[in-house]
Structures are given as structure tokens and as C-alpha cells.
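Undergrad:
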Amino acid sequence: MEEPVDAQAAILASAVALLQERTFEDISYLDVAEAAGVSERTIYRRFPTRSHLLEALARWIEAERFPLSEFRTPEEFRRAVRDRFRAYGTAPGYAFVAARGAALSPTTEASSAPITVAILAMLDEAAPNLNRRDKQRIAAAARYFSSPIFWARMRAGFDMNADETFEAFDRAILQVLATAPEASWAA
Amino acid sequence: MPEAGPLPELSSTQVSILGAYSELIDEVGTDDVSFRLIALRAGVGERTVFRYYPTRVELLMATSAWIERTIFTRQESESIFDVPIAIREAMEAYERRPELAHVVAETAMRGVNGSESAPQRDRFDAMLRHEVPSLAEHERLLIVAALCHLDSSTTWVTMRRELGMTGRDIADAAMWTAEALLDPIRDRIAR
């Protein structure tokens with residue numbers, strides 16, 4: 211028997227609510243089942259392992275709690291990242307789950323996160339004549355320094371708040387962008 | 005120079021357990037490995053595994069630390085300007101053992117309950133103090149933080165997963181980014 215399509219959403223929303231009180235390790239499938247009003251079996255069917263659940267939670271949290279502001283230029287990108295880090299700072303428990311989910315061995319053939327797509331589009335538009343190799347290097351660096359993983363490392367390893375984390379991001383990204391000759395950037 | 009941190013002494017039984025678990029992770033991932041299977045592979049009783057590692061989390065954290073220390077070892081850089089090369093080599097090592105790279109990446113993202121997320125911090129800081137003493141403390145911190153971020157399995161994981169890059173492209177991009185971070189201080193070394 212098929213359970214309703216929104217069972218998935220109910221499971222994720224319930225799990226996210228439980229994350230407000232405890233860590234992911236301390237949440238059992240039974241807890242989530244009770245909170246979501248579905249059977250434990252339903253959860254196992256959708257999320258065969260805890261990694262599946264964690265990865266889906268991370269995606270859900272990124273989409274629902276930390277929606278990305280649009281950007282088309284490096285200027286707007288930096289502003290969007292600053293807002294993102296500030297949002298992470300107001301909900302650190304969620305942001306750590308987003309970081310952990312992003313570090314997992316992928317459980318599904320999911321497509322890239324929206325921010326990856328937006329960074330690639332931004333570089334195509336802003337630096338149309340830049341060679342493929344340098345474009346890939348800049349995209350990779352921009353993506354990696356704007357990720358919740360960077361926020362989590364700055365917080366856990368360096369005690370940085372959101373604005374300090376943005377400052378560290380900004381220095382790195384300006385340095386990376388400065389490698390491209392002035393003429394590669396569209397006027 | 006400060007040490008990377010004291011290494012806890014492990015008994016040969018612990019080494020067998022951690023080695024067995026990392027082999028199994030390499031083969032089937034972290035999720036489907038029971039304590040029974042780990043005990044069997046390590047050649048010890050299941051109760052012995054529980055005695056050393058009462059919970060799965062404790063076993064995973066110990067295994068992750070062991071993987072970092074024995075499989076993803078780095079040649080110590082003598083200069084901060086050698087660090088980009090070490091980062092490239094680290095990416096090549098992650099490429100050879102992707103499942104283990106993911107384990108190490110995820111356990112470093114658990115905040116206070118996780119493994120050290122910037123283990124090279126003190127070492128990079130000491131090298132920069134020594135080699136570029138004119139660097140202001142704040143600027144030094146920003147460079148150390150960015151290099152620590154790059155010298156990590158999460159770099160390999162993110163570039164593979166989000167940009168679909170090959171091992172060769174990841175090694176290149178990580179090293180190139182580290183070089184870019186060092187650009188402003190290349191000619192500021194102490195004479």
C-alpha cells in the first residue's frame with residue numbers, strides 16, 4: 211500500500227522539530243514515527259539508513275530554513291553568502307545538520323545544490339572569456355567557501371561568529387577572484 | 005612548533021578493531037556494519053568491542069581519528085609555502101579511499117561532539133608567525149582559517165559531489181586556491 215505523498219514531508223518536518231531539542235544521534239526512527247504519525251516501517255521504506263535520513267534532512271533544512279537569495283554578480287554573491295552565514299548563526303543546530311549532510315557519502319543520485327548552479331551561472335555571465343580551467347577552479351573555491359561546512363569549521367575550530375566567518379570567506383574569495391585578469395570580467 | 009595533539013595509546017586489540025571497522029567501511033559504507041561483523045573481522049569477541057567502544061558513535065569517532073592518523077597521513081610541511089603541495093597530496097589520498105574520506109569529513113562536522121575540525125591550526129599559525137612575522141594577528145588568523153578549510157577531506161567531498169570534478173581536477177583546484185590565498189604574502193618573508 212502506498213502512503214500519501216506528503217508522508218515524506220511529514221517525516222522530515224517532524225524530524226526537524228525534534229532536532230530543536232536533541233542531536234541527530236539521539237533521535238530514533240521510533241521517535242520520528244510517533245511525531246509524524248506514521249509507522250516506523252514507512253520511515254525505513256523511505257530512508258533505509260540513517261545516512262539517507264540525515265542527507266534528506268540537510269536538504270530540507272537548506273531549502274526551508276536557509277533559502278538562498280538570488281545573485282548574478284560577484285557583489286551579489288558575497289552579499290548572499292553574508293546573509294546565509296548570518297542565518298546559520300541564528301540556528302546553529304540546523305546549520306550543523308546541513309554541514310553534516312553535505313559531508314556524507316551521497317545516498318542518492320541527487321543533483322547539485324541550488325547555490326552550485328547559481329555560482330556556475332554567475333561565472334558564465336560575469337567572466338565569459340575566462341578559460342575553462344580557471345573558471346572551474348574559481349567555481350570550486352566559491353562553492354566550497356560558501357558552504358555550511360565552512361561556517362561549521364569556523365565556528366567549531368575558530369570560535370568565529372557569522373560576521374567573522376563572512377570576513378574569512380570574503381578575504382578568500384577576493385583573493386581567488388583577483389587571480390583572473392581584469393579583462394576576463396564583463397563590464 | 006606545537007604538536008598536532010597527543011596521540012592516545014592504543015592497545016593491539018583496539019588497533020585490530022579500528023582497522024577492521026575501517027576496512028568494512030571501505031567495503032560497504034558505515035551503515036550496514038554490525039558490531040558482530042566488526043568483531044568477527046577483528047578476531048575478537050563482540051563483548052570486547054563493546055567494552056572498548058560502548059556505543060556506535062564512540063566507535064565511529066575513534067575509527068575516524070585512526071583513519072586520519074594512519075591512512076591520510078601528511079608529510080609535514082616545513083614552510084607555509086609548501087602547504088599547497090601537501091593539500092594537493094591529501095586530495096590524491098582522499099581520491100584513493102573515497103568512503104573513508106566521507107567518514108572523516110562527516111565526523112569533523114559534528115561540532116563540539118565531533119572530531120577536530122581544524123587539526124592543522126596551530127601548526128599553520130606557528131609557521132606563519134615564524135616566516136612572516138610582520139603579518140598582523142587578524143590577517144594571520146584569516147589565512148590560517150582558510151588553509152585549514154582547504155586541507156580537509158571536506159574539500160574533496162564538496163568538489164566531487166557538488167561539481168562532479170575528477171580527482172585530478174580536485175587536486176588542482178585545491179592546490180590552486182591555497183596558492184591564491186598565499187599570493188599577498190609571498191614577498192613578505194622575514195630576512
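Chains as they are written, first to last, in my numbering: chain A, 211 to 397; chain B, 5 to 195.
Yeah, the Cβ is synthetic: ideal placement off N, Cα and C, and Gly gets one too.
From the beta carbon of S322(A), is the nearest beta carbon of chain B less than 8 Å away?
TA: Here residue 322(A) refers to the residue found at position 112 when the first sequence is read from its first residue. Yes - at least one Cβ of chain B is within 8 Å of the one on S322(A).
Undergrad: Can you pull the chain B residues whose beta carbon is under 8 Å from the beta carbon of F360(A), in chain order?
TA: Here the question's residue 360(A) lines up with position 150 in the first sequence. Neighbours of F360(A) on chain B, chain order: H153.
Undergrad: Out of D155(B), T162(B), L186(B) and E183(B), point me to the one whose CA is closest to F76(B)'s CA.
TA: Within the second sequence, numbered from 1, the residue matching residue 76(B) stands at position 72. Checking every option, the nearest Cα to that of F76(B) belongs to D155(B).
Undergrad: Could you check the C-alpha separation between V161(B) and A109(B) for me, to the nearest Å?
TA: Mapped onto the second sequence, residue 161(B) falls at position 157. Mapped onto the second sequence, residue 109(B) falls at position 105. Roughly 8 Å between the two C-alpha positions.
Undergrad: Can you name the residues of chain B whose CB is closer than 7 Å to the CB of L314(A)?
TA: By 1-based counting over the first sequence, the position of residue 314(A) is 104. Within 7 Å Cβ-Cβ: H106 and E110.
Undergrad: Determine which residues of the stretch 360-379 of chain A have a Cβ less than 8 Å from any Cβ of chain B, and write them out in chain order.
TA: Under the 8 Å Cβ criterion, the stretch 360-379 of chain A contributes F360, A362, R363, M364, R365, A366, G367, F368, M370, E377 and A378.
Undergrad: So which residues on chain A does G33(B) lean against when the C-beta distance must stay under 7 Å?
TA: Start at 1 with the first residue of the second sequence, and residue 33(B) comes out as number 29. Near G33(B) (Cβ distances below 7 Å), the residues of chain A are S315.
Undergrad: Give a yes or no on whether 8 Å exceeds the smallest Cβ distance from E27(B) to chain A.
TA: Residue numbering aside, residue 27(B) sits at position 23 when the second sequence is read from its first letter. Not one chain A Cβ lies under 8 Å of E27(B).
Undergrad: Are the stretch 359-366 of chain A and the stretch 109-123 of chain B touching, with three or more C-beta to C-beta distances below 8 Å?
TA: The stretch 359-366 of chain A, when compared against the stretch 109-123 of chain B, does touch it at the 8 Å Cβ threshold.
Undergrad: Grab me the residues of I253(A)'s own chain with a C-beta within less than 7 Å of its C-beta, minus the 5 sequence neighbours each way, in chain order.
TA: Counting from one through the first sequence, the residue named residue 253(A) turns up at place 43. Closer than 7 Å at the Cβ level, and outside the excluded window around I253(A), lie I221, Y239, V242 and A243.
Undergrad: Distance, Cα to Cα, F379(A) vs A352(A)?
TA: The residue labelled residue 379(A) in the question sits at position 169 within the first sequence. The residue labelled residue 352(A) in the question sits at position 142 within the first sequence. F379(A) and A352(A): Cα-Cα distance of roughly 9 Å.
Undergrad: Of the choices R133(B), T159(B), P188(B) and E62(B), whose alpha-carbon is the least far from that of A313(A)?
TA: Taking the first residue of the first sequence as position 1, residue 313(A) is located at position 103. When only C-alpha atoms are compared, the closest one is T159(B).
Undergrad: So with CB distances below 9 Å, who are the chain A contacts of D173(B)?
TA: For this step, residue 173(B) is matched to residue 169 along the second sequence. The contacting residues are R343, Q346, R347 and A350.
Undergrad: Between Q18(B), G33(B), M163(B) and E31(B), which has its C-alpha nearest P58(B)'s C-alpha?
TA: As a first step, residue 58(B) must be located in the second sequence, where it is residue number 54. Among Q18(B), G33(B), M163(B) and E31(B), the Cα nearest to that of P58(B) belongs to Q18(B).
Undergrad: What's the call for Q385(A), buried or exposed, on a 16-neighbour Cβ count within 10 Å?
TA: Mapped onto the first sequence, residue 385(A) falls at position 175. With 16 or more other Cβ atoms within 10 Å, it is buried.
Undergrad: Looking at the C-beta of E96(B), does it have a partner C-beta in chain A at a distance below 8 Å?
TA: For the purposes of this step, residue 96(B) is taken as residue 92 along the second sequence, with counting starting at 1. No, E96(B) does not count as interfacial toward chain A.
Undergrad: Quick check: the Cα distance between R275(A) and P137(B), rounded to an integer number of angstroms?
TA: By one-based count along the first sequence, residue 275(A) stands at place 65. By one-based count along the second sequence, residue 137(B) stands at place 133. Approximately 43 Å between the Cα atoms of the pair.
Undergrad: Output needed for A175(B): all residues of its chain with C-beta closer than 6 Å, excluding positions within five of it in sequence on either side, in chain order.
TA: In the second sequence, the residue the question calls residue 175(B) occupies position 171. Cβ neighbours of A175(B) beyond the five flanking positions: R92, M95 and E96.
Undergrad: What are the residues in the stretch 121-140 of chain B lying within 8 Å of chain A by C-beta distance?
TA: The residues in question are S121, A122 and R125.
Undergrad: Can you name the start and end residues of the alpha helix (DSSP H) that W70(B) belongs to?
TA: The residue given as residue 70(B) occupies position 66 in the second sequence. Segment R60 to T74, the alpha helix (DSSP H) holding W70(B).
Undergrad: Do A194(B) and E135(B) count as a contact pair if the criterion is CB distance below 8 Å?
TA: Here residue 135(B) is taken as the residue at index 131 of the second sequence, counted from 1. Here residue 194(B) is taken as the residue at index 190 of the second sequence, counted from 1. Yes, these two residues count as a Cβ contact at 8 Å.
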